[in-house]
Amino acid sequence: MRARCRVMADAAPPRAGLRISRQHTLVLFPELAELVRLTAWADEIGQKLALSMQRLYALQLCLQELAATVIVNAKPRVNLPMSIVVTLIPRQDGLEVRMEHNGERCDRAESVHASGDDSVIAPPALQLTHRFGRNITIDHTDDQHRITLLLPG
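Here's what the structure looks like:
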């Protein structure tokens with residue numbers, strides 16, 4: 001399956017080095033082998049957005065850690081193939097990262113910001129995401145689970 005990008009309307013005027021005109025989306029199978037494709041896709045998007053090497057590295061680490069946590073801990077629902085949707089949205093204050101999946105609820109990510117206190121040490125499964133990401137939110141509906149964070153820019 002190839003990466004899919006959807007062109008979205010401009011949300012705000014662009015600033016130097018960051019275009020605010022595209023939402024980039026990739027659909028992954030729940031297999032650890034997909035981490036290679038995820039990293040290559042992040043590299044391609046990072047080049048298009050002219051991200052610094054430091055921001056690109058942070059993006060790749062967060063995406064790999066989040067995807068690996070979902071793949072290992074979230075189980076598919078009965079009679080429903082599981083997929084993971086990754087979306088990157090350039091914003092004025094950084095890069096918004098969304099990861100959604102339609103599997104069973106994965107509580108491994110919940111404890112990262114359970115207290116709302118940034119000084120709390122995250123569990124080993126999400127140390128890098130906690131280190132690089134800001135405004136981490138986790139939302140659940142009956143059929144979809146989403147982790148959203150901001151990589152400051």
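If you use the numbering used here, the sequence shown corresponds to residues 1 to 153, in order.
Cβ atoms here follow ideal geometry from the backbone N, Cα and C, with glycine treated the same way.
All of these numbers come straight from a predicted model, not from anything done at the bench.
Apart from sequence neighbours up to five positions away, the residues of its chain that approach E31 with a beta-carbon distance below 7 angstroms are I71, ordered along the chain. In the three-state DSSP reduction, G103 falls in the coil class, being neither helix nor strand. When the five nearest sequence neighbours on each side are left out, the beta carbons in the same chain lying within less than 6 angstroms of the beta carbon of I89 are those of Q23, E96, in order along the chain. Taking the Cα positions, L80 is about 21 angstroms away from I147. Assigned with DSSP and collapsed to three states, D93 falls in coil, not helix or strand. In this structure, L150 places its C-beta atom within 7 angstroms of the C-beta atom of N135. Taking C-beta separations shorter than 8 angstroms and ignoring five residues to either side along the sequence, the partners of A74 in its chain run P30, M82, H101, G103, E104, R105, C106, H145, following chain order.
V86 and A42 have their C-alpha atoms some 10 angstroms from each other.
L26 sits in a strand when the DSSP states are folded into three classes. With distances taken between CA atoms, G94 lies nearest to G46 out of G46, Q64, L128. In this structure, DSSP gives R77 a state outside helix and strand, which the three-state scheme calls coil. In the assembly as shown, T137 is an exposed residue. Its beta-carbon has fewer than 16 other beta-carbons within 10 Å. Taking every protein chain shown into account, the CB of H130 has 16 or more other CB atoms within 10 angstroms, so this residue is buried. In this structure, the straight-line span from the alpha carbon of Q92 to that of S52 is close to 16 angstroms.
For the pair D143 and A68, the Cα-to-Cα distance works out to about 20 angstroms.
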